[in-house]
Each structure stands twice: as structure tokens, then as C-alpha cells.
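Working notes, structure below.
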Amino acid sequence: MSDSPDKDMAPREQPGAQQGPRQEPQAAGPAGSGAPARSTLPPSPPPRKLDPAVLPILIGVLVLGGALAFLFLTPSGTVNSGETNRVRIAALEEKLASATERLQADEHRMAALEQQAQQLAARPAGDPAALQDLAARLQGIETRDGESTKRLTDSLAALESDLQQRRQANEARLTAIEKNAGEASQQNAQRIQAIDSRVGEVENRAAARAAEAERNLSQRIAEAEKQIAQRVADAEAAIAPRLAALDQSIAQRVQAATQELDRRVNAQNSALDQRLAAFDARVKQAESAERRVGFLAARGAIQSALEAGQPLKQPLSGLPGTPPPALQRYAETAPPTEATLRLSFEEAARAARAAAEPQGQGVMDSALARIQGLVTVRRGDQVVVGDTAAGHLEAARWALDAGDLAGALQRLDALPPESKAAMRGWLDQAQGLLAAQTALRNLSADRNGGAG
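Per numbering that gives the first Met the number 0, the sequence shown runs over residues 0 to 451.
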């Protein structure tokens, strides 16, 4: 048993070299060892900024490769130590599986963070250039993550292939080691313990770096949210005046359109009102003309009935409203005519003259009265010589013959009371006819005045 692990590792390289060419992983030995061993890992790329979530996995892979290289290069003294090495190799494989699970967990967290970033990028904003910038940045992050994942996948595939080769070589070497097992069990235990310690430290550092990377990404996302919110606020502040101006312009246009529409509607209403007023006036004129025609027809019928001495019931039905009483009295009774009044005037006049003669006179007085009745001397309308009643009757006859019924009645109104009483029947007929004629004339005058 040698005190220096480097001295023990140097002589043991020959048996492994006789089994065939293979690459040995380069890893650090136990604490205090400064001689590096060959490594199967691909040469490191030029320095670049890796994703924080990939760094812990790479460190774990390197540590695991170093541990396997240490186990392959370290001699074993007994068969029991070879079994122990198998157990520890299985434990290291379990740690590798655990590291792979942590890698998957980190990938899930990265996917969640990317989804959150995409949701933030999907929020509406007023500045399209800012959204495009954010989308480009997220695309860059996804590209870098894809490249890192591809490199990690390639590294894991190479490592698995190398592990398979090393496992085959290890089985062959373990057979030889079991035959020559002996002295190095304690040193192997110490070295494995040191490796476990270093693996734990690496895992702790990887967990710390992953947490730090997650915090940094959360901070970057928070800053991106703040920037997006600020840009949205700026865009809203920039758009608000334009929206206000647009609202004002639309309101002004709507008001102007409303005023113009009101003006046109008012003009159309005014024109329609004028046309309706003219139409109403024409309708009223037509109705008035129709009523006037009907009235004239009824008036003509009444006039004809009065002249013919026929009842006025049928002609009066054509008059609107209630007929005058002077006409209504002849609705069922035939009215007198001027011709019948002229024919019956002589008889009524004789009765009036007879009533005007004084009673109880002698023969001479009676003869003188008759002579005076035959001769009448007038001075204008005043009778100077002759019978006064006879003069009034004669004037009434002349007026009646001339068609002046009103003048005849005026003359007869000057008769003595006894004469008027004697011809009361004739006077009533004449006055009734004159009242009917006057009512008809007044009705026509009122109708003409209302139509005008």
C-alpha cells in the first residue's frame, strides 16, 4: 500500500491499456493530488456565457466522470473491495440519475419562466417596437437554451457511450482486480469519501447557482414587466390626447350634422305646413263653395216657393242649421204671394174705407163724404181735399202694383185704427210675406258676409 494516491495510480494504468485503446476521463484526484488524468469529455468551447441552469449539470457530469476515472485507475486488494466498488458505482449512477432528474426539474422551471415571459410579451402594449424587441429577446433566450440543451444532450450521449465502454473495460479489470485485491481498500474508502464530499459540495454549489440564476431570471422578468408597464402607460398617455381630440372632432361633426339635419327637417316641416295650409285653405274653399252652392240652391228653391205660394218644408231642409221663424211658419202652410195680395187688396181697401166713414150721418153728410171720396186734392203726401184713408189706400195700391210691398205696408200703417182693423187679415198676410222675404234676404246677406 502506497501513501501517495498518484504513485498508486501510475503503475495501474498498464493493465487497462492492454485491454484495448480507450480514453480515460480527466478528473481531479483526492485532496492533495495535483496530477490530472486523461478525460473523455470533448474539449471545452471558447469562453462564452452559458445558461445558469446548465452549469450545475455540467459540473455534476465532470465530477461523476472524475469519480469513475478514479475508480477505474485505483487498484483493489480483495474480491470484497471489488464488490464494494460495484456498489459505489451503482450509487454514483444513482447520483447521476438524481442529477438528471434535477436537470429535468430545472428544464421545467425554465419552461415555466419562458411561459411567463411569453405571457408578459403577449400583453397588449401601445409600442409595437417594444413588443418586437421583447419577442426578439425571448427568441434569443430560447435559441441559447436550445443550443445549451443540444450541447448537453450531445455530452450526455458521449458520456453514456464512454460509460458503456468503461463499464465493459471495468468488468474485465474488476476480474483482474479481484484476483489481485488487497491493500487499497482503506485508501479507496477515503478517496470515495472525499469524492462524495466533493460531489456534495458541487451539488450544493450547483443548487446555489441554480437558485441564484432563478432569482436573476425572476428579477429580469420583473424588470421586463416594469418596462412593459411603463411603455404601456407612456403609450396610453400619448394616445389619450389624440383620443380626446378625436372624440371632440366626432362630437363637433355629429353636432354639425344634427344641426344641419334639424335645419333641413324644419325647412321640410315648414314647406309641408305651408302646403298643408294651402291644401286646407283649398279644402275649406271647396267646402265653402259646396255649402254656398247648396245654400244658393236652397235659397233659390225657397224664393221660388215663396213666389209660387208653396209650402217651404222641402226647400228649408237644404239650409244649414235652424231656419228663421219667418220662414219656418210657412213650412207646412202655403205663403201668400204678391199677386194674391194685389187681387185681394180692393176688397180689403173697401172694408177699410167703410170702416173710416163716420156713423149716424145724414143724407147730405153722407153724400158729401162720398163726393170727397171721389175727389182728392194733395199737397205732396198730405191730403188737402178728400178722404184721408182713401189717399193712403190709393198710395198703397200704387206701391203694391209697383212690387213695393214694404212701401205699401208703410202707407197702410198711416190708416186710422178702425181702417187697419178692418183690413187686419190682409195686413197679416202682407206682413208675413214681407217678413219671409226680409228673412231670406238677411239670410243671404249673412251667408255672403260669412263666406267673404
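All residues carry an ideal CB built from backbone N, CA and C; glycine is no exception.
For P314, the enclosing alpha helix (DSSP H) begins and ends at 312 to 315. Assignment of Q218 by DSSP, reduced to helix, strand and coil, places it in the helix class. H107 sits exposed, since fewer than 16 C-beta atoms from the chains shown fall within 10 Å of its C-beta. Taken through DSSP and simplified to helix, strand or coil, T321 comes out as coil. Nearest to R85 by C-alpha distance, out of D153, E170, A277, is E170. If you look at T387, you'll find it in the alpha helix (DSSP H) that goes 387 to 400. T332: not part of any alpha helix (DSSP H); DSSP gives it neither H nor E. Remark: fewer than three beta-carbon pairs, one from each stretch, lie closer than 8 angstroms, so the segment 412 to 420 and the segment 293 to 305 are not flagged as touching. Straight-line spacing of the CA atoms in S248 and A110 works out to 49 angstroms.
Three or more Cβ pairs closer than 8 angstroms define a contact, and the segment 420 to 440 meets that threshold against the segment 328 to 347. Beyond the five residues adjoining it in sequence on each side, Q436 comes within less than 8 angstroms, by CB distance, of L305, L404 in the same chain, given in chain order.
For a cut-off of 8 angstroms, the C-beta gap from L151 to I227 is around 31 angstroms, too long to register as a contact. About 6 angstroms separates the Cβ atoms of P310 and T332, confirming a contact at the 8 angstroms cut-off. An exposed status is given to D400, since fewer than 16 other beta-carbon atoms sit within 10 Å of its beta-carbon. Here L439 really is in contact with L326; their C-beta atoms are around 7 angstroms apart, less than 8 angstroms. The C-alpha of T336 is placed about 19 angstroms away from the C-alpha of L392. A direct Cα-to-Cα measurement between F278 and S269 gives close to 14 angstroms. Contact between L433 and L408 holds, since their C-beta atoms are separated by about 6 angstroms, short of 8 angstroms. In this structure V62 touches R197 by the C-beta definition: roughly 6 angstroms separates them, less than 8 angstroms. For G406, the enclosing alpha helix (DSSP H) stretches over residues 404 to 411. Between the C-alpha atoms of R262 and G293 there is a straight-line separation of about 45 angstroms. Residue environment: L275 is assigned as exposed (fewer than 16 neighbouring CB atoms within 10 Å of its CB, all protein chains considered). In the three-state scheme derived from DSSP, where H, G and I count as helix and E and B as strand, R263 is classed as helix. The beta carbon of E113 sits closer than 8 angstroms to those of L137, I140, E141, D144, all from its chain and outside the five residues before and after it, given in chain order. Of the residues assessed, Q267 falls on the exposed side of the cut-off, its CB having fewer than 16 other CB atoms within 10 angstroms.
Going by beta carbons, A66 and L91 fall inside the 8 angstroms limit. In the structure shown, the three-state DSSP call for M422 is coil. Inclusion of K312 and A330 in the CB contact set at 8 angstroms is warranted, their separation being smaller than that value. Here L91 carries a helix assignment [DSSP, helix/strand/coil]. Excluding residues up to 5 positions away in sequence, I220 lie with their Cβ nearer than 8 angstroms to the Cβ of Q115 in the same chain. If you draw a straight line from the Cα of L426 to the Cα of R291, it comes to about 34 angstroms. The alpha-carbon of L242 is positioned some 14 angstroms away from that of D233. In summary, Q186 is buried, with 16 or more beta-carbon neighbours lying within 10 Å of its beta-carbon over all protein chains present. Per DSSP, the continuous alpha helix (DSSP H) segment holding L342 begins and ends at 337 to 355.
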